[in-house]
Amino acid sequence: MTRQLLLVMPGNEAFGGRLATALEIETTPLETRRFPDGESYLRFTGDIAGAELVVVCTLAAPDPQFLRLVFAARTARELGAAKLTLVAPYLAYMRQDKPFHPGEAVTSTHFASLLSREFDRIVTVDPHLHRRKTLSEIYSIPAEVVHAAPALAAWIKANVALPLVIGPDVESEQWVSEVAEGAGAPAVVLRKERFGDRDVRISLPDLQAWHGRTPVLVDDIVSSGRTMIEATQGLIAAGLVAPVCVGVHALFAQDAYQRLAETAQRVVSTDAVPHPSNEIYLADLLSTALRV
1 MTRQLLLVMP GNEAFGGRLA TALEIETTPL ETRRFPDGES YLRFTGDIAG AELVVVCTLA
61 APDPQFLRLV FAARTARELG AAKLTLVAPY LAYMRQDKPF HPGEAVTSTH FASLLSREFD
121 RIVTVDPHLH RRKTLSEIYS IPAEVVHAAP ALAAWIKANV ALPLVIGPDV ESEQWVSEVA
181 EGAGAPAVVL RKERFGDRDV RISLPDLQAW HGRTPVLVDD IVSSGRTMIE ATQGLIAAGL
241 VAPVCVGVHA LFAQDAYQRL AETAQRVVST DAVPHPSNEI YLADLLSTAL RV
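So the sequence shown is numbered by UniProt numbering: it starts at 1 and just counts up by one.
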């Protein structure tokens with residue numbers, strides 16, 4: 001059996017440490033720094049020849065780190081790594097999956113092509129599959145999706161009394177139902193209309209039957225925060241207590257986290273993207289996928 005080594009890219013130390021413990025494998029050191037002109041320096045100081053290198057790099061804010069990731073992958077091959085597996089808890093460049101205006105780059109396709117050239121396998125968590133059904137439509141390497149729903153359900157069950165699990169839109173209904181079932185809670189979904197990156201309108205169903213329960217808003221990606229902020233305000237206006245907000249990918253652009261925290265009862269996320277709200281840990285789920 002090929003030995004596994006874990007390579008933790010800069011900024012992923014906490015997640016990488018938990019994954020190394022879950023997998024019971026060693027990490028291999030990587031020396032990195034920036035030259036005065038901003039270019040990257042990398043040096044492997046361990047023996048990786050013949051090993052499967054599991055590279056941990058969440059791809060939130062991908063542009064500043066992508067070249068360093070490519071340099072690490074190519075150098076690893078030069079040093080004799082037998083296989084390269086990328087663990088990207090958050091997978092970037094899934095939003096632009098078709099040209100909405102003439103001349104636009106379909107960046108999801110281009111990014112998938114670039115990663116597919118450098119790695120033999122990719123494992124990620126709940127990617128934003130909107131118009132695409134599977135990652136295999138754009139990735140030419142095995143691309144495995146780990147679902148965070150069991151971890152979200154376990155956290156809600158352990159931390160929220162009498163929860164009511166609420167999804168942001170009808171597209172989330174199946175996913176939200178899975179979270180609610182695992183948490184032993186009822187579920188409802190809202191209606192969402194998006195008019196722009198920061199212009200979202202939320203419609204609430206009749207929630208009279210659920211007064212006395214704690215609403216738990218769940219969403220896969222929290223970026224501008226507009227969906228959760230609008231929903232939180234609507235739930236409070238409808239007479240429910242301030243909700244607990246749970247997100248898988250805590251992107252939280254600009255002041256989104258602060259604005260949401262001002263109205264929500266509590267804001268938590270998984271550790272797919274490093275953030276102060278991280279309370280739900282995914283290493284065990286990912287380690288199971290990596291052992292397959």
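Beta carbons: idealized from backbone N, C-alpha and C, even for Gly.
Spatial neighbours of Ala-261 in its chain, beta-carbon cut-off 6 angstroms, leaving aside the 5 residues before and after: For this step, residue 261 is matched to residue 261 along the sequence shown. Around Ala-261: Val-267.
Count Cβ pairs between the stretch 46-65 and the stretch 3-18 that sit closer than 8 angstroms; are there 3 or more? yes
Just tell me which of Val-189, Phe-119, Asp-255 has its CA closest to the CA of Ser-223. Position 223 of the sequence shown, counting from 1, holds the residue named residue 223. Out of Val-189, Phe-119, Asp-255, Asp-255 has the C-alpha closest to the C-alpha of Ser-223.
Could you round the C-beta distance between Ala-272 and Tyr-90 to whole angstroms and report it? I think they count as a contact, below 8 angstroms. Residue 272 sits at position 272 when you count from the first residue of the sequence shown. Residue 90 sits at position 90 when you count from the first residue of the sequence shown. Their Cβ separation, rounded to whole angstroms, is 5 angstroms, which keeps Ala-272 and Tyr-90 in contact under 8 angstroms.
If we count Cβ pairs, one from each stretch, closer than 8 angstroms, do we get three or more for the stretch 132-147 versus the stretch 202-216? no
Which residue marks the beginning of the alpha helix (DSSP H) containing Leu-69, and which one marks its end? The residue given as residue 69 occupies position 69 in the sequence shown. 63-78 is the span of the alpha helix (DSSP H), which, as asked, contains Leu-69.
Please state whether the Cβ-Cβ distance between Leu-217 and Pro-243 is less than 7 angstroms. Within the sequence shown, numbered from 1, the residue matching residue 217 stands at position 217. Within the sequence shown, numbered from 1, the residue matching residue 243 stands at position 243. Yes; because the gap between Cβ atoms is below 7 angstroms, this pair is in contact.
Determine the closest residue to Gly-167 out of Leu-114, Val-123, Gly-247, Ile-122, with distance taken between C-alpha atoms. The count along the sequence shown starts at 1 and reaches residue 167 at position 167. Ranking the options by Cα distance to Gly-167, first place goes to Gly-247.
In this structure, how does DSSP classify Arg-131 when only helix, strand and coil are distinguished? Sequence index remark: in the sequence shown, residue 131 carries index 131 (1-based). The answer is coil: DSSP assigns Arg-131 none of H, G, I, E or B.
Can you tell me whether Glu-118 is buried or exposed, with buried defined as 16 or more other CB within 10 angstroms of its CB? Locating residue 118 in the sequence shown gives position 118, counting from the first residue. The residue in question, Glu-118, is buried, as its Cβ has 16 or more Cβ neighbours within 10 Å.
Bounding residues of the beta strand (DSSP E) (the contiguous stretch that carries His-249): As a working note, residue 249 is residue 249 in the sequence shown. Counting along the chain, the beta strand (DSSP E) containing His-249 begins and ends at 244-250.
Give me the DSSP bridge partner(s) of Ala-88. If you number the sequence shown from 1, residue 88 lands on position 88. DSSP lists Thr-124 as partners of Ala-88.
Looking at the strands, I want to know which residues DSSP matches up with Tyr-41. Looking up residue 41 in the sequence shown gives position 41. Arg-33, per the DSSP bridge assignment.
Give a yes or no on whether the C-beta atoms belonging to Leu-282 and Ala-187 are separated by under 7 angstroms. The residue labelled residue 282 in the question sits at position 282 within the sequence shown. The residue labelled residue 187 in the question sits at position 187 within the sequence shown. No; because the gap between Cβ atoms is not below 7 angstroms, this pair is not in contact.
7 angstroms Cβ cutoff met for Leu-42 and Thr-28: For the purposes of this step, residue 42 is taken as residue 42 along the sequence shown, with counting starting at 1. For the purposes of this step, residue 28 is taken as residue 28 along the sequence shown, with counting starting at 1. For Leu-42 and Thr-28, no; Cβs fall outside 7 angstroms.
Could you have a look at Asp-197 and say whether DSSP puts it in helix, strand or coil? The residue labelled residue 197 in the question sits at position 197 within the sequence shown. Its pLDDT being 49, under 50, Asp-197 is placed unreliably by the model, and the measurement read from it follows with that caveat. If DSSP states are grouped into helix, strand and coil, Asp-197 belongs with coil.
Looking only at its chain, what residues have a beta carbon closer than 6 angstroms to the beta carbon of Ala-73, apart from the 5 residues adjacent to it on each side? As a first step, residue 73 is located in the sequence shown; it is residue number 73 there, counting from the start. Taken in chain order, the residues that qualify are Leu-84, Glu-118.
Going by beta carbon distance, what residues of the same chain come within less than 6 angstroms of Ala-20, once the five residues before and after it are set aside? As a working note, residue 20 is residue 20 in the sequence shown. Result list for Ala-20: Leu-6, Thr-27, in chain order.
Once you ignore the five residues that flank Arg-18 on each side, which residues in its own chain have a CB closer than 7 angstroms to its CB? Here the question's residue 18 lines up with position 18 in the sequence shown. Closer than 7 angstroms at Cβ, skipping near neighbours: Tyr-281, Ala-283.
Would a check of beta-carbon distances place Thr-232 closer than 7 angstroms to chain B? No chain B is present in this structure, which holds just one protein chain.
What's the gap between the Cα of Ala-154 and the Cα of Arg-68? Locating residue 154 in the sequence shown gives position 154, where the first residue counts as 1. Locating residue 68 in the sequence shown gives position 68, where the first residue counts as 1. Put simply, the backbone Cα of Ala-154 is about 35 angstroms away from that of Arg-68.
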